[in-house]
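As you go down the protein sequences, you meet chains A and B in turn.
One point on numbering: in the working numbering, the residue at position 2 of the first sequence is 2, and numbering is uninterrupted.
One point on numbering: in the working numbering, the residue at position 83 of the second sequence is 1083, and numbering is uninterrupted.
We treat Cβ as the ideally placed atom computed from N, Cα and C, and that holds for glycine.
One structure is given below, encoded as structure tokens.
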Amino acid sequence: VAAGSLTVIGTGIRMGVQLTPEARAAIDASDELLHLAADPLTEEWLLGLHPRSTSLGSEYRVGERREEIYERIVERLVTPVREGRRVCAAFYGHPGIYVRPSHEAIRRAREEGYEARMLPAISAEDCLFADLGVDPAATGCASYDATDFLLRSPELDAASALLLWQITVIGDPNAVAESRIDNVHVLVERLAETYPRDHEVIVYEASPYPIAEPVIERVPLGALAEAPLTPLSTLYVPPASVRDVDREMAVRLGFSTD
Amino acid sequence: MTVAEFLLALARDSELLLRFAEEPERVVKESGLGETQRKLLLSGNLRELRVKIKAEVEIDGEMVAFHTVYAPHPVPPPPPPPKE
């Protein structure tokens, strides 16, 4: 194994209080910290965690394709590894959930013979289940990127919960200066094929500050496009029906049928 | 001290965070922040905090709406038109 290494960590969502001891140790053991946060204040906090700490935020240019931005980030992470340094890369939330460059950087580093690993962290989804008080195990829960969901049109099960991410950049492959909400009505139309328009859905945003409350807006599905969406809004669609138990299977598994 | 600086202090100092959890009004008062800022911090209103922080924190260069780190995988190209 070559000298350089890459450790990818997540900061969690809440600034300063969701960084795991394992992730903190990875920062301390590194030669440099490269990081990406969702807001400028968290960026500032990260700058203070390591004497050689650099934000990756400068890679974002409005109007540029996100794929190109992510490719630059991958190279920003792997280049110092090739030069023999121990790199720690920190992404907000969980570094392996909705983070393309982290997976690709690890793949590329390993392919070139360097040690590379990812440490788990608290994701926005983890915060959502805690803040909304829902357990995905109760009904099952499907989760999609909103654009992917519309493009690939997976079969929906109204008896399961549904999570849709990145609803403010639907259909836009570029980095944007403002939320793109003009395609939210397309999402509403698609969901209305399965759910009643008066079905209550929840617009959610986890709080990045330990003293602030999350944003939780309950609106009828049909009014989603008019809801006050924030750039980091996620849509939670609760189940609209109850799935029956397969009695034949219940008997087969040894459950009572009384 | 600004609202942003107070939030950073909470993130960096777990003892301060603990004290805030126990006695939020006292801790905010000790910070020397003005009444409007204190009310904002105690409200826990994320939308309003974001607006305030945006005004306080200097941002270099152009600001994107948020740092998305995921884009859907490339969409397959449409099939070629049928040959005539």
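Assumed close pair residue i, residue j - CB separation to whole angstroms, cut-off 8 Å
i                       : j                       : result
residue 74 of chain A   : residue 23 of chain A   : Actually they do not touch by this definition, with Cβ atoms about 20 Å apart.
residue 34 of chain A   : residue 54 of chain A   : 5 Å
residue 87 of chain A   : residue 6 of chain A    : 5 Å
residue 1008 of chain B : residue 56 of chain A   : Not quite, the Cβ-Cβ distance comes to about 20 Å (not below 8 Å), so this is no contact.
residue 233 of chain A  : residue 168 of chain A  : 6 Å
residue 205 of chain A  : residue 1046 of chain B : 7 Å
residue 100 of chain A  : residue 70 of chain A   : 5 Å
residue 190 of chain A  : residue 150 of chain A  : 6 Å
residue 92 of chain A   : residue 27 of chain A   : Actually they are not in contact, since the Cβ atoms of residue 92 of chain A and residue 27 of chain A sit about 14 Å apart, beyond 8 Å.
Closer than 7 Å to chain B by CB, residue i
i                      : result
residue 36 of chain A  : yes
residue 150 of chain A : no
residue 207 of chain A : yes
residue 222 of chain A : no
residue 66 of chain A  : yes
residue 144 of chain A : no
residue 118 of chain A : no
residue 213 of chain A : yes
residue 99 of chain A  : yes
residue 269 of chain A : Examination of residue 269 of chain A is not possible in this model, given that chain A is present from 1 through 258 alone.
residue 10 of chain A  : no
residue 130 of chain A : no
residue 16 of chain A  : yes
residue 234 of chain A : no
residue 239 of chain A : no
residue 7 of chain A   : no
Proximity below 7 Å, CB of residue i to CB of residue j
i                       : j                       : result
residue 46 of chain A   : residue 38 of chain A   : no
residue 179 of chain A  : residue 238 of chain A  : no
residue 67 of chain A   : residue 1071 of chain B : yes
residue 211 of chain A  : residue 236 of chain A  : no
residue 119 of chain A  : residue 181 of chain A  : no
residue 240 of chain A  : residue 184 of chain A  : no
residue 146 of chain A  : residue 160 of chain A  : no
residue 197 of chain A  : residue 222 of chain A  : yes
residue 1018 of chain B : residue 1010 of chain B : no
residue 164 of chain A  : residue 144 of chain A  : yes
Cα-Cα separation between residue i and residue j, rounded to whole angstroms
i                       : j                       : result
residue 85 of chain A   : residue 25 of chain A   : 16 Å
residue 94 of chain A   : residue 193 of chain A  : 32 Å
residue 132 of chain A  : residue 1073 of chain B : 30 Å
residue 173 of chain A  : residue 96 of chain A   : 20 Å
residue 186 of chain A  : residue 116 of chain A  : 40 Å
residue 72 of chain A   : residue 1003 of chain B : 34 Å
residue 15 of chain A   : residue 1049 of chain B : 14 Å
residue 154 of chain A  : residue 62 of chain A   : 31 Å
residue 125 of chain A  : residue 1083 of chain B : 48 Å
residue 51 of chain A   : residue 29 of chain A   : 12 Å
residue 260 of chain A  : residue 8 of chain A    : With chain A running from 1 to 258 in the structure shown, residue 260 of chain A is simply not present.
residue 207 of chain A  : residue 31 of chain A   : 30 Å
residue 220 of chain A  : residue 176 of chain A  : 27 Å
residue 1006 of chain B : residue 1035 of chain B : 14 Å
residue 1041 of chain B : residue 256 of chain A  : 54 Å
residue 253 of chain A  : residue 158 of chain A  : 25 Å
residue 245 of chain A  : residue 148 of chain A  : 31 Å
residue 218 of chain A  : residue 199 of chain A  : 10 Å
residue 140 of chain A  : residue 171 of chain A  : 27 Å
Neighbour flag for residue i against chain A, beta carbons, 7 Å
i                       : result
residue 1072 of chain B : yes
residue 1011 of chain B : yes
residue 1064 of chain B : yes
residue 1007 of chain B : yes
residue 1086 of chain B : For chain B, the structure presents residues 1001 to 1084; residue 1086 of chain B sits outside this window and is missing.
residue 1004 of chain B : yes
residue 1132 of chain B : Any answer about residue 1132 of chain B is impossible in this case: the structure gives chain B only from 1001 up to 1084.
residue 1069 of chain B : yes
residue 1028 of chain B : no
One or two residues paired with residue i in a DSSP bridge
i                      : result
residue 189 of chain A : Answer is none; residue 189 of chain A lacks a bridge partner.
residue 146 of chain A : DSSP lists no partner for residue 146 of chain A.
residue 194 of chain A : Beta-bridge pairing links residue 194 of chain A to no other residue.
residue 118 of chain A : A:8
residue 88 of chain A  : A:7 and A:33
residue 218 of chain A : A:202
residue 141 of chain A : A:161
residue 207 of chain A : In the DSSP output, where bridge partners are listed per residue, residue 207 of chain A has none listed.
residue 54 of chain A  : A:34
residue 171 of chain A : Looking at the DSSP assignment, residue 171 of chain A forms no beta bridge with any residue, so it has no partner.
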